[in-house]
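Residue numbers (this note's numbering): 1 to 196.
Virtual Cβ for every residue (Gly too), placed ideally from N, Cα, C.
All figures in this text were calculated on a predicted structure; none of them were measured in a lab.
Reviewing the structure listed below.
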């Protein structure tokens with residue numbers, strides 16, 4: 001996959017994205033002056049899909065990043081889906097459709113009602129950490145550090161790649177990256193079906 005454009009990613013220097021990812025606990029290091037597309041192409045050429053996932057998790061705008069996390073998390077759900085996970089994915093998707101404060105807080109509450117060990121829980125946390133205050137509504141505002149959103153998205157996508165079968169992780173990461181690039185170019189990001 002050769003990336004020529006990532007029109008939704010407005011940061012022009014990959015180093016800015018890498019600095020945010022590093023603050024979020026992911027060691028990414030871009031050459032000076034590289035554009036996001038050039039840096040991503042380098043990761044893909046080196047077949048470093050983990051770092052490509054991490055990079056896009058921090059590069060995409062909030063709604064697009066959370067949508068990507070939701071798509072990947074939903075793919076791994078198997079019936080019967082426990083009610084807390086149903087509520088978490090529904091809340092995260094509701095925030096993507098309508099990014100209101102009410103929907104953001106609902107996503108945070110639904111994530112906290114899970115064990116925070118599933119891709120769905122991290123997709124909901126990503127929605128909560130997308131902006132606004134982390135403090136309860138009746139207390140002074142506490143802004144979310146900007147790296148929390150990307151960290152939650154990366155966690156959701158990387159967990160989704162190994163859930164429920166870790167042996168399919170590389171294939172799933174490649175499909176998830178195609179979806180992210182589609183989202184970064186204004187598409188809906190629908191994940192292509194797995195090869196049989």
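Sort the options by Cα distance to residue i and report the nearest one.
| i | options | result |
| --- | --- | --- |
| residue 9 | 37, 20, 174 and 102 | 37 |
| residue 164 | 133, 72 and 140 | 72 |
| residue 3 | 24, 157, 82 and 179 | 179 |
| residue 106 | 116, 44, 87 and 82 | 87 |
By Cβ distance below 7 Å, which residues in the same chain neighbour residue i in space, the five residues on each side in sequence not counted?
| i | result |
| --- | --- |
| residue 74 | 89 |
| residue 162 | 169 |
| residue 174 | 49 |
How many Å lie between residue i and residue j at the Cα?
| i | j | result |
| --- | --- | --- |
| residue 124 | residue 170 | 24 Å |
| residue 206 | residue 133 | Shown here, the chain extends from 1 to 196; a query on residue 206 therefore has no answer. |
| residue 1 | residue 136 | 44 Å |
| residue 97 | residue 30 | 33 Å |
| residue 160 | residue 184 | 19 Å |
| residue 18 | residue 11 | 11 Å |
| residue 148 | residue 24 | 6 Å |
Relative to the ligand ZN, is the shortest distance from any of its heavy atoms to the C-beta of residue i smaller than 7 Å?
| i | result |
| --- | --- |
| residue 31 | Among the components modelled here there is no ligand, and therefore nothing to report on the ligand ZN. |
How far does the alpha helix (DSSP H) with residue i in it reach, from first residue to last?
| i | result |
| --- | --- |
| residue 125 | 119–128 |
| residue 38 | 36–45 |
Tell me which same chain residues have a C-beta within less than 8 Å of the C-beta of residue i, skipping the five on either side of it?
| i | result |
| --- | --- |
| residue 104 | 95, 127, 128, 130, 131 and 132 |
For residue i, which beta-bridge partners are listed by DSSP?
| i | result |
| --- | --- |
| residue 143 | 133 |
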